[in-house]
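The structure appears right after this line, and notes come after that.
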Amino acid sequence: MINKSYKDGESINSLKKAMDKDHLIIHNLLNKFEKEISEDFEKSKNTFNRLRWILEKHFFVEEKIIFSVYLSIIDEENEYINKLLMEHEKIFRLLNEIEEDLLDNKKSDISEIKLLLRAHSRFEDDFFYPKIDEEISEKEKLKILNRIEEVIIK
Ligand SMILES: [Fe+2]
Ligand SMILES: [Fe+2]
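Here my numbering is used: the first residue of the sequence shown is 1037, the next is one more, and so on.
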């Protein structure tokens, strides 16, 4: 179970905070991957696999836990979730293209996925998660955070 303690006087029951950390890890990995494509191509393949694994886990957490619990609470369709789901799909398509390039030993152009990922996580960090954090109860947030803990094993 998540510890309900408070840090720096602030509640830790925040979806924004929980996902923010992961977004930072993803962006750092993407930057590392981009650098390695030109500097150490073999190494970039390992970094890509790590990036892909982290993104798969991240999207799983968002789709199967956060979006699905939130949808069950609001009990109606949500345009923001539809937008985010479409972007997840697009990001996976771009990842597949990069993977094919890597298999062909071709240096990929990652500018599109970089832009899309940046805009996607900015929308989640600045708008979507703060909105959910405000809308749902502490008890519901805790339920979501505990489920996330089951998936993300540190
Ligand atoms: Fe997302
Ligand atoms: Fe995200």
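Idealized CB from N, CA, C, for every residue including glycine.
For His1063, verify whether its CB is less than 7 angstroms away from any heavy atom of ligand 1.
no
Rounded straight-line distance, which links the Cα of Ile1172 to that of Asn1064:
30 angstroms
Could you please give the first and the last residue of the uninterrupted alpha helix (DSSP H) stretch that includes Val1097?
Looking at the DSSP string, Val1097 is not in any alpha helix (DSSP H), and its letter there is neither H nor E.
Starting from the N-terminal end, write out each residue whose C-beta falls within a distance shorter than 6 angstroms of any non-hydrogen atom of ligand 2.
Met1055, His1059, His1094, Glu1098, Ser1157 and Glu1160
Taking the alpha carbon of Ile1149 as the reference point, which residue from Lys1143, Asp1137, Arg1129 and Val1097 has its own alpha carbon closest?
Arg1129
Rounded to whole angstroms, what's the CA-CA distance from Asp1161 to Lys1071? Just pull it up for me.
25 angstroms
Shorter than 7 angstroms, the distance from the beta carbon of Leu1120 to the closest heavy atom of ligand 1, or not?
yes
What is the C-beta distance between Leu1066 and Leu1138, in whole angstroms, given that I count them as a contact (C-beta under 8 angstroms)?
Actually they are not in contact, since the Cβ atoms of Leu1066 and Leu1138 sit about 14 angstroms apart, beyond 8 angstroms.
According to the neighbour-count rule (16 or more other Cβ atoms, all chains shown, within 10 Å of its Cβ), is Ile1102 buried or exposed?
buried
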